[in-house]
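Respectively, the protein sequence lines represent chains A and B. Heads up: the first sequence at position 236 corresponds to 236 in UniProt numbering, and the numbers run straight through without jumps. Heads up: the second sequence at position 243 corresponds to 243 in UniProt numbering, and the numbers run straight through without jumps. Each residue gets a CB set at the ideal place from its N, CA and C atoms; glycine is no exception. Computed from a predicted model, the values in this text were never measured in an experiment.
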Amino acid sequence: MSEDVTAADQPEVPAEGGIVAEVARMSPAELAAHEAEVAEAVAPDREIEVAVGDTLLAMQDVTLQFGGLVALDSVNFEIRRGEILGLIGPNGAGKTTCFNVMTGVYRPTSGQVVLEDRPLGKRKRHEITQLGIARTFQNIRLFGEMTTLENVVVGADARHKTSVLGALARVPRHHREEREAVERGMALLEFVGIADRAADKAKNLPYGYQRRLEIARALATEPKLLCLDEPAAGFNPAEKEELMGLIRKIRGDGYTVLLIEHDMRLVMGVTDRIVVLEFGKKIAEGVPAEIRDNPAVIAAYLGVPDDGAA
Amino acid sequence: MNAHHTASPPAKVSGMQTMRDKWNSLSRVQQWAVLIPLVVLIYLLPVLNPPLLTTEPNYNFPIAMFDVARYALIAIGLNVVVGQAGLLDLGYVGFFAVGAYVAALFTSPDSMLHKLPYLAVLPLAVVVTMFFGVILGAPTLRLRGDYLAIVTLGFGEMVRLLADQVPALRGNSGFQTVGHPPGTRADGTALFNQTDGKPWYWLAVTLVIGVLLLVGNLERSRVGRAWVAIREDEAVAEIMGVPTFKYKIWAFVIGAAIGGLSGALYAGQIGFVNNQKFDVTTSVLFLAAVVLGGSGNKVGVMLGAFVIAYLPLRFSGIAEYKYLIFGLALIVLMLFRPQGLLGARQRLLAKGREAYQRLLGRPEQISSDSSLVAEPGKEAGA
Ligand SMILES: Nc1ncnc2c1ncn2[C@@H]1O[C@H](COP(=O)(O)OP(=O)(O)OP(=O)(O)O)[C@@H](O)[C@H]1O
Ligand SMILES: [Mg+2]
Numbered sequence: 001m002s003e004d005v006t007a008a009d010q011p012e013v014p015a016e017g018g019i020v021a022e023v024a025r026m027s028p029a030e031l032a033a034h035e036a037e038v039a040e041a042v043a044p045d046r047e048i049e050v051a052v053g054d055t056l057l058a059m060q061d062v063t064l065q066f067g068g069l070v071a072l073d074s075v076n077f078e079i080r081r082g083e084i085l086g087l088i089g090p091n092g093a094g095k096t097t098c099f100n101v102m103t104g105v106y107r108p109t110s111g112q113v114v115l116e117d118r119p120l121g122k123r124k125r126h127e128i129t130q131l132g133i134a135r136t137f138q139n140i141r142l143f144g145e146m147t148t149l150e151n152v153v154v155g156a157d158a159r160h161k162t163s164v165l166g167a168l169a170r171v172p173r174h175h176r177e178e179r180e181a182v183e184r185g186m187a188l189l190e191f192v193g194i195a196d197r198a199a200d201k202a203k204n205l206p207y208g209y210q211r212r213l214e215i216a217r218a219l220a221t222e223p224k225l226l227c228l229d230e231p232a233a234g235f236n237p238a239e240k241e242e243l244m245g246l247i248r249k250i251r252g253d254g255y256t257v258l259l260i261e262h263d264m265r266l267v268m269g270v271t272d273r274i275v276v277l278e279f280g281k282k283i284a285e286g287v288p289a290e291i292r293d294n295p296a297v298i299a300a301y302l303g304v305p306d307d308g309a310a
Numbered sequence: 001m002n003a004h005h006t007a008s009p010p011a012k013v014s015g016m017q018t019m020r021d022k023w024n025s026l027s028r029v030q031q032w033a034v035l036i037p038l039v040v041l042i043y044l045l046p047v048l049n050p051p052l053l054t055t056e057p058n059y060n061f062p063i064a065m066f067d068v069a070r071y072a073l074i075a076i077g078l079n080v081v082v083g084q085a086g087l088l089d090l091g092y093v094g095f096f097a098v099g100a101y102v103a104a105l106f107t108s109p110d111s112m113l114h115k116l117p118y119l120a121v122l123p124l125a126v127v128v129t130m131f132f133g134v135i136l137g138a139p140t141l142r143l144r145g146d147y148l149a150i151v152t153l154g155f156g157e158m159v160r161l162l163a164d165q166v167p168a169l170r171g172n173s174g175f176q177t178v179g180h181p182p183g184t185r186a187d188g189t190a191l192f193n194q195t196d197g198k199p200w201y202w203l204a205v206t207l208v209i210g211v212l213l214l215v216g217n218l219e220r221s222r223v224g225r226a227w228v229a230i231r232e233d234e235a236v237a238e239i240m241g242v243p244t245f246k247y248k249i250w251a252f253v254i255g256a257a258i259g260g261l262s263g264a265l266y267a268g269q270i271g272f273v274n275n276q277k278f279d280v281t282t283s284v285l286f287l288a289a290v291v292l293g294g295s296g297n298k299v300g301v302m303l304g305a306f307v308i309a310y311l312p313l314r315f316s317g318i319a320e321y322k323y324l325i326f327g328l329a330l331i332v333l334m335l336f337r338p339q340g341l342l343g344a345r346q347r348l349l350a351k352g353r354e355a356y357q358r359l360l361g362r363p364e365q366i367s368s369d370s371s372l373v374a375e376p377g378k379e380a381g382a
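Structure, rendered in structure tokens:
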């Protein structure tokens with residue numbers, strides 16, 4: 001993986017001040033109240049049906065070619081509301097390309113992506129975000145010169161209605177949206193566990209914080225579908241464990257999650273269903289136990305026997 | 001999970017950083033208590049004519065100060081485009097020229113157009129340049145970086161060539177006796193004339209303050225965030241829901257408007273507009289003010305404007321070599337301090353500061369610039 005590990009090699013200073021210490025000092029009752037407050041602020045304003053059920057997003061015969069290379073080959077799968085769907089496959093299988101098609105970065109050569117029964121068609125990228133798809137990036141791509149909080153508020157701006165003239169004249173709506181965005185932004189930072197660095201520039205954050213800021217920024221757009229592209233890359237086992245907890249918490253708040261991840265333990269531990277890609281084709285789909293025992297999947301990961309790699 | 005994660009490397013605080021922190025820790029009232037006397041002092045400058053600062057006897061000091069204020073206005077406008085939104089505009093002089101010609105066409109007796117009062121021409125210049133901003137921006141802002149620079153360069157030259165070639169714009173002979181704001185002195189002469197720079201300076205400073213407040217409002221809103229997001233990573237901004245094209249057009253149009261305003265101001269003070277003042281080097285000089293002072297920092301670009309406009313007037317010996325000197329200064333600066341004299345600062349949202357204090361029970365830490373790093377111990381928190 002070609003990760004920009006900008007902050008990983010910095011000297012170690014334990015983050016002990018601020019919210020972390022404060023939360024540690026709380027009594028259980030206070031803690032429960034505090035957590036409820038955070039959860040309340042993180043949860044999106046609109047009603048979200050948590051029941052795992054109807055189709056939220058469907059990839060319908062999606063094919064994408066880069067010149068001669070078929071990156072996605074008639075890919076079909078559905079993401080159901082309220083589930084955590086894993087998207088796995090060997091390097092270069094087309095997982096990130098799937099995200100790029102869903103978020104409008106690339107238009108499918110043929111086939112279509114359908115969100116809540118509406119084909120995305122030629123919609124612009126920012127319109128797709130407003131329709132409710134948000135993502136993180138495999139290579140962290142934060143707004144480095146902005147503070148942590150501002151990164152999240154840019155995400156929240158996707159739901160804001162203040163016009164340029166409204167901002168110029170500081171209309172009441174501007175003030176209200178700024179206030180709400182900051183409150184919700186801080187709550188989101190706390191939710192993913194990085195509130196103690198809210199005022200730092202994103203580029204100065206430690207690597208793990210940057211990964212989680214990506215998640216907070218995506219959540220700030222109030223997505224119906226949250227797409228995470230290898231959120232655990234570069235994490236140690238303890239951090240991976242914590243990330244699994246975070247992903248479950250996110251689903252618990254009513255979001256639907258699509259997760260690309262190479263770490264099998266993490267994927268098997270957190271997802272409801274899994275789709276497997278290889279060379280742009282879907283080779284398997286099912287619950288984790290089925291995928292684990294699927295011979296095609298095992299072959300894809302270990303290399304086909306006649307390669308001599310198995 | 002965070003325990004082993006790392007914080008920014010500790011290091012010493014620069015003087016600038018400490019000043020910023022001090023300034024930010026002051027209450028609004030305290031900030032005004034500093035700002036108001038400062039503004040009064042700025043207004044009084046041409047009257048005080050301080051010994052070391054003065055440009056006389058080589059150059060009339062109030063007029064020199066007017067030139068500085070005019071450059072400051074230009075730098076603030078160009079900073080919206082270049083510093084905030086990160087769009088390299090090499091043809092900014094084009095907007096300046098449009099503003100100057102609007103003022104000339106509607107006030108000079110040499111023009112055949114209907115005459116308007118000068119003060120009505122200022123908003124008209126703004127509107128017309130905004131229109132030009134849309135015309136130029138709509139097709140070009142879909143292009144990326146280098147192309148945009150080339151197209152805007154072409155625009156600047158086009159405006160100049162039009163002034164050369166279109167008979168109605170009178171080429172080199174230009175427009176005489178461009179209008180000025182109303183008002184007469186005790187002796188019956190006009191308050192705003194070509195020899196006394198003071199009234200023009202006061203008008204320019206007033207416009208600078210007004211524009212600063214308005215641009216500041218935009219910067220501290222979703223608009224400013226969108227601009228910075230575009231500057232940082234346009235593709236990601238788009239995916240995070242920022243309608244990037246729309247906000248780039250707005251940056252371009254707002255920059256154009258401010259350029260047009262300063263053009264009209266310039267035309268009024270000089271009283272004469274022809275095709276001689278709007279070449280590429282002028283664009284580059286404008287850009288130099290922004291880059292030198294600190295692209296993205298309003299105070300910085302005004303400082304840059306001061307350097308660019310004032311030094312050649314103060315030290316007339318160097319005026320001849322000013323391009324050489326500014327060029328060298330820029331190269332040295334880019335080597336040692338690429339962010340400019342005062343680097344861009346992404347201030348924590350005004351309301352964020354309160355939220356942060358409330359949540360953490362301690363004052364915010366403004367994160368440090370890459371070159372200026374935070375104080376040890378300060379970083380680890382209370
Ligand atoms: N913009 C592009 N132009 C040409 N080829 C591309 C482009 N983007 C991706 N590809 C190719 O498409 C294929 C799928 O790439 P993709 O990034 O989707 O893989 P992935 O499953 O995310 O892999 P990884 O696990 O390494 O991240 C690869 O062969 C890649 O080289
Ligand atoms: Mg990938």
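- Along the region 152-165 of chain A, the positions whose C-beta sits under 7 Å from a C-beta of chain B are V153, V154, G155, D157, A158, H160, T162 and V164, read in chain order.
- In the three-state DSSP reduction, S74(A) falls in the strand class (E or B).
- Neighbours of L168(A) across chain B, judged by C-beta separation under 7 Å: L214, N217 and L218.
- Contact note: A226(B) reaches chain A through V154 and D157, using a C-beta cutoff of 8 Å and chain order.
- Not one beta carbon of chain B lies nearer than 9 Å to the beta carbon of T97(A).
- In this chain, D200(A) is not harboured by any alpha helix (DSSP H), its DSSP state being neither H nor E.
- One thing to note: G144(A) has its Cβ no nearer than 9 Å to the Cβ of L219(A).
- Within its own chain, the residues whose Cβ lies closer than 6 Å to the Cβ of D110(B), once the five positions on either side in sequence are excluded, are F175 and Q176, listed in chain order.
- Scanning L56(A), Y301(A) and L246(A) for the CA closest to the CA of G132(A) turns up L56(A).
- Residues of chain A whose Cβ lies closer than 9 Å to the Cβ of W250(B) are, in chain order, V164.
- In the displayed model, G343(B) falls within coil according to three-state DSSP, outside both helix and strand.
- For the options A69(B), P46(B) and V301(B), the alpha carbon positioned closest to that of T206(B) is the one of A69(B).
- In this structure, T103(A) keeps its C-beta atom at 9 Å or more from the C-beta atom of T63(A).
- Taking every protein chain shown into account, the CB of Y323(B) has fewer than 16 other CB atoms within 10 angstroms, so this residue is exposed.
- Counting only heavy atoms of ligand 2, the residues whose C-beta sits closer than 7 Å to one of them are, along the chain, K95(A), T96(A), Q138(A), D229(A), E230(A) and I260(A).
- Within 8 Å of the CB of A229(B), the CB atoms of chain A belong to F143, M146 and V154, in sequence order along the chain.
- Separation of R251(A) and L85(A) (C-alpha to C-alpha, rounded to the nearest whole angstrom) is 11 Å.
- Taking 9 Å as the CB threshold, P62(B) stays off the interface with chain A.
- Around T147(A), the same chain offers A198, A199, D200, K201 and A202 as residues with beta carbons nearer than 8 Å, after the five sequence neighbours per side are excluded.
- For V284(B), the closest Cβ of chain A is not nearer than 9 Å.
- The three-state reading of DSSP puts E127(A) in helix, counting H, G and I together.
- When DSSP reads this structure, I133(A) sits in a beta bridge with L225(A).
- Under DSSP, no beta-bridge partner is assigned to K277(B).
- Annotated three-state conformation of R170(A) is coil, per DSSP.
- Listed in chain order, the non-local C-beta contacts of F279(A) below 6 Å within the same chain number zero, local neighbours out to five positions each way being set aside.
- Put simply, the region 104-111 of chain A does not touch the region 265-283 of chain A. Fewer than three CB pairs are less than 8 Å apart.
- R222(B) reaches chain A at D157, H160, T162 and A167, counting residues in chain order whose Cβ is nearer than 7 Å.
- Taking 9 Å as the cut-off, the Cβ atoms of D89(B) and A149(B) count as close.
- When CB distances to chain B are screened at a threshold of 7 Å, the residues of the region 212-231 of chain A falling below it are R217 and T221, in chain order.
- When DSSP states are grouped into helix, strand and coil, V178(B) belongs to the coil group.
- Cβ-Cβ separation between M130(B) and A256(B): approximately 6 Å, consistent with a contact (criterion under 8 Å).
- In chain B, no part has a C-beta under 8 Å from the C-beta of T136(A); the shortest such distance is about 10 Å.
- Against chain B, the beta carbon of Q130(A) has neighbours under 9 Å at G241, listed in chain order.
- Contact between A100(B) and Y266(B) holds, since their C-beta atoms are separated by about 6 Å, short of 8 Å.
- For F137(A) and A235(B), the gap between their C-alpha atoms comes out near 12 Å.
- If you draw a straight line from the Cα of V257(A) to the Cα of E214(A), it comes to about 14 Å.
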